[in-house]
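Colleague: One structure, as C-alpha cells, below. Some questions next.
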Amino acid sequence: MSRISKEEVKHVANLARLAITEEEATTFTKQLDDIITYAEQLNELDTTGIEPTTHVLDLKNVMRKDEPKKWISQEDALQNAPDKQDGQFKVPSVLE
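The opening residue of the sequence shown carries number 1 in the UniProt record's numbering; numbering runs sequentially from there.
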C-alpha cells in the first residue's frame with residue numbers, strides 16, 4: 001500500500017510551481033513512498049526518557065552585552081559626505 005498517492009505528488013508539485021509529467025509523477029510517487037517507509041522505521045525506536053531536541057549539538061548564541069558606547073559625532077559622520085542638509089546625508093530622490 002502506497003503512503004502517498006500520485007494525486008498528492010501532483011498537488012505538491014503544483015504548489016511548488018513545478019510542471020511534472022505523468023511518468024515523473026509515477027517515479028516521484030515511488031521514491032517518496034520509499035522515503036516515507038524508511039523514515040517510519042524511526043517509530044519503532046523506544047524514545048522513552050529521551051528529551052526532544054531541535055539540534056544534535058548544544059548550541060548557544062554568544063552575544064555581548066548591549067551597552068551604549070561613545071560613537072563618532074554627527075559632524076564627523078557627515079565630514080566627507082558629498083551632499084548634506086540639516087545635519088543629514090542628502091541623496092537623490094528615488095521616487096517621483
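We put the beta carbon where it would ideally sit given N, CA and C, even for glycine.
Values in this document were obtained by computation on a predicted structure and should not be read as measured data.
1. For the alpha helix (DSSP H) that contains Lys6, what are its first and last residues?
2. In angstroms, rounded to a whole number, what distance separates the CA positions of Glu40 and Arg3?
3. Ends of the alpha helix (DSSP H) at Lys81?
4. Hey, out of Val9, Glu44, Arg17 and Leu57, whose CA is closest to Thr27's CA?
Modeller: Reading from the atomic positions:
1. Taking the first residue of the sequence shown as position 1, residue 6 is located at position 6. Segment Lys6 to Leu15, the alpha helix (DSSP H) holding Lys6.
2. Within the sequence shown, numbered from 1, the residue matching residue 40 stands at position 40. Within the sequence shown, numbered from 1, the residue matching residue 3 stands at position 3. About 11 Å.
3. Position 81 of the sequence shown, counted from the start, is the residue given in the question as residue 81. Going by the sequence as given, residue 81 is Ala instead of Lys. Counting along the chain, Ala81 falls outside any alpha helix (DSSP H), and DSSP gives it neither H nor E.
4. Translated into the one-based positions of the sequence shown, residue 27 becomes position 27. Of Val9, Glu44, Arg17 and Leu57, the residue nearest in Cα terms is Val9.
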